[in-house]
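The opening residue of the sequence shown carries number 1 in full-length UniProt numbering; numbering runs sequentially from there. Encoded as structure tokens, the structure appears first; notes follow it.
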Amino acid sequence: MTSVYEFHVKKPNGEMAALKEYEGKLLIIVNTASKCGFTPQFAGLQSLYEKYKDQGLTVLGFPCDQFNNQEFDDIEKTTEFCRVNYGVTFPMFAKVDVNGENADPLFNYLTTEKKGLLSKKIKWNFTKFLVDRDGQVVERYAPTTDPEKIEADLKNVL
Numbered sequence: 001m002t003s004v005y006e007f008h009v010k011k012p013n014g015e016m017a018a019l020k021e022y023e024g025k026l027l028i029i030v031n032t033a034s035k036c037g038f039t040p041q042f043a044g045l046q047s048l049y050e051k052y053k054d055q056g057l058t059v060l061g062f063p064c065d066q067f068n069n070q071e072f073d074d075i076e077k078t079t080e081f082c083r084v085n086y087g088v089t090f091p092m093f094a095k096v097d098v099n100g101e102n103a104d105p106l107f108n109y110l111t112t113e114k115k116g117l118l119s120k121k122i123k124w125n126f127t128k129f130l131v132d133r134d135g136q137v138v139e140r141y142a143p144t145t146d147p148e149k150i151e152a153d154l155k156n157v158l
């Protein structure tokens with residue numbers, strides 16, 4: 001695989017979506033959780049999305065339950081929670097694994113392209129990946145990185 005646009009991901013309704021539909025867009029891809037200490041980052045991600053969507057930014061959220069079971073079992077509860085509590089209007093997808101033998105291929109690709117500080121594994125919810133308009137992974141951000149701190153890098157690749 002040579003870009004994120006070559007992957008297919010599952011929507012909350014179970015249908016598959018080609019990331020090719022985001023070709024030419026700047027992406028922030030993030031593994032999320034509804035019941036995590038970092039969950040308030042949804043507000044910052046939504047803010048970035050609203051501020052830059054007209055310039056081609058899209059945030060793609062992938063709920064994950066691999067870290068202390070901090071996600072609802074029902075994907076409809078997840079999407080409703082995000083919309084009601086944080087005003088999320090950016091695309092959210094079906095729940096995925098980001099590590100291990102069942103890791104979603106997209107996340108295997110992302111972590112291979114940009115390793116973390118000590119390993120390629122994702123350590124927690126809200127690990128964020130900045131992807132340029134060509135589908136290349138530009139940067140990886142730790143769960144503790146507030147979305148607002150991504151803005152400078154975002155402006156550089158806009």
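Note that the Cβ used here is the ideal one computed from N, Cα and C, for glycine as well. For clarity, every value in this text was computed on a predicted model and none was experimentally measured.
With distances taken between CB atoms, is the gap from residue i to residue j smaller than 9 Å?
| i | j | result |
| --- | --- | --- |
| GLY44 | ASP146 | yes |
| LEU26 | ASP97 | no |
| LEU106 | LEU19 | yes |
| THR89 | GLU50 | yes |
| TYR86 | GLN46 | yes |
| PHE42 | PRO143 | no |
What residues in its chain sit with their C-beta under 8 Å from that of residue i, if we drop five residues either side in the sequence?
| i | result |
| --- | --- |
| GLU76 | PRO12 |
| PHE67 | ALA33, CYS36, TRP124, ASN125 |
| ASP153 | LEU130, VAL138, GLU139 |
| VAL157 | LEU26, LEU130, ASP132, ARG133, VAL138 |
For residue i, which residues of its own chain have a beta-carbon under 7 Å away from its beta-carbon, when the five flanking residues on both sides are left out?
| i | result |
| --- | --- |
| ASP134 | SER3 |
| GLU151 | LEU48 |
| LYS114 | PHE129, VAL137, GLU139, ARG140 |
| LYS120 | THR111, THR112 |
Below 6 Å CB to CB, which residues in the same chain sit around residue i once its five sequence neighbours on both sides are set aside?
| i | result |
| --- | --- |
| PHE62 | ASN31, PHE93, VAL96 |
| PRO91 | LEU60 |
| GLU23 | TYR5 |
Contained alpha helix (DSSP H) runs [length at least 4] in the UniProt domain "Thioredoxin" (1-158), N- to C-terminal order: Entirely contained in the UniProt domain "Thioredoxin" (1-158), the alpha helix (DSSP H) runs reaching 4 residues are, in chain order, 41-52, 75-86, 105-113, 151-157.
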